[in-house]
Amino acid sequence: MSSNTANKKNNMNFYERYQAFVDSYIDSLPEWKKQLQMILISFYIVLSCVVTIVDHLNNFHATFPKKQIDIFVMIIMLIIISINVTFIVGCYTGNKVLFFLAPAIPNFAFIFLVYPQVHAFYYPLNLFFKSYGLQNSLPSRILNNLRSFSIIRAFYYIPIVIYIRFLFNIYMDDLFAANIEKEHTDVMREVKKAAEEAQKLDKQESEGIKNDKENDPESKKNN
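No gaps in the numbering here: position 60 of the sequence shown is 60 in the UniProt record's numbering, and each next residue is one more.
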């Protein structure tokens, strides 16, 4: 059996090995660590959306169609903020219903892959470089040319996206399993309670019949 497992691992490519590693690693984490990581990821997405809105407000275009693009981007950012904030509230309050927003959140991580300028650090760093006259420096040029480094960005960012997706999916699987187990426990508790109540009623009825017989004058005569 161990040789079969070893052969299976040898036949796996790098992508599959990474997925298997991430799966086993996240599965080994305690629930609070998974939840903390999800909250931090959601918070970073919210922060990035807020910074992007500020960027578009400060550089708002007065003419169409760029004005429409600014408005559209801000609406999308507000929707993403509302979903992530609702999820974070669900984590803090323990509201299980709000956890069902979790599958949507990893999809937002793809925004950073396609539009790196949405990152929370992008706009503040640009302002920093401009305010100190460093807009022509190498770090500033690298920052502003991030969009052209698509292959490099995909190389380092796709593993992060995979990790985020596995984190949220595994947590949701655990949550479903816990809910099913809780429902099963509740059902068994109700069945046990009903059985105890029935047993109690049977005992009371048998004791009542016995008392009736003892108090019955006919039965006393026969005795």
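Just so you know, even glycine gets a beta-carbon here, dropped at the ideal spot from N, CA and C.
Owing to the predicted nature of the structure, the values given are computational and were not obtained by experimental measurement.
Would you kindly work out how many angstroms separate the C-alpha atoms of residue i and residue j, rounded to a whole number?
i	j	result
S28	C91	20 angstroms
I152	T63	34 angstroms
Y15	F176	27 angstroms
S2	I26	Low per-residue confidence applies at S2: pLDDT is 49, beneath 50, and the placement is therefore not dependable, though the value from the model is reported in the following sentence. Cα to Cα, S2 sits roughly 23 angstroms from I26.
C49	A120	7 angstroms
residue 226	L146	Given a span of 1 to 223 for the chain in the structure shown, any question on residue 226 remains unanswerable.
K200	K182	27 angstroms
E31	A178	11 angstroms
L36	K203	52 angstroms
V54	I180	44 angstroms
residue 224	E190	There is no way to answer for residue 224, as the model of the chain reaches only from 1 to 223.
N59	F21	43 angstroms
Are the beta-carbon atoms of residue i and residue j separated by less than 8 angstroms?
i	j	result
T185	V118	no
residue 242	I80	Past the edges of the chain, shown from 1 to 223, lies residue 242, and the structure says nothing about it.
D19	I164	Residue identity check: residue 19 is Gln in the sequence provided, not Asp. Not closer than 8 angstroms, so no.
L113	Y157	yes
S42	F87	yes
P103	M172	yes
V89	L101	no
N126	I105	no
Here's the rule I'm using: 16 or more other beta-carbon atoms within 10 Å means buried, otherwise exposed. How should residue i be labelled?
i	result
A198	exposed
R188	Note on residue identity: the sequence assigns Met, not Arg, to residue 188. Classification of M188: exposed, given that the 10 Å Cβ count is below 16.
Y132	exposed
A154	exposed
Compare the Cα-Cα distances from residue i to each of the options and report the closest residue.
i	options	result
D23	I180, I83, K203 and D174	D174
A109	R17, L40 and K34	L40
* Asked: Would you call the segment 138-145 and the segment 168-182 touching, i.e. three or more CB-CB distances under 8 angstroms?
  -> Flag = no, the segment 138-145 and the segment 168-182 do not touch.
* Asked: Below 8 angstroms, can you find three or more Cβ-Cβ pairs linking the segment 181-197 to the segment 67-87?
  -> Proximity of the segment 181-197 to the segment 67-87 falls short of the contact definition, fewer than three beta-carbon pairs being nearer than 8 angstroms.
* Are three or more beta carbon pairs between the segment 75-87 and the segment 10-20 nearer than 8 angstroms? -> Touching, no, given that fewer than three Cβ pairs across the two stretches are closer than 8 angstroms.
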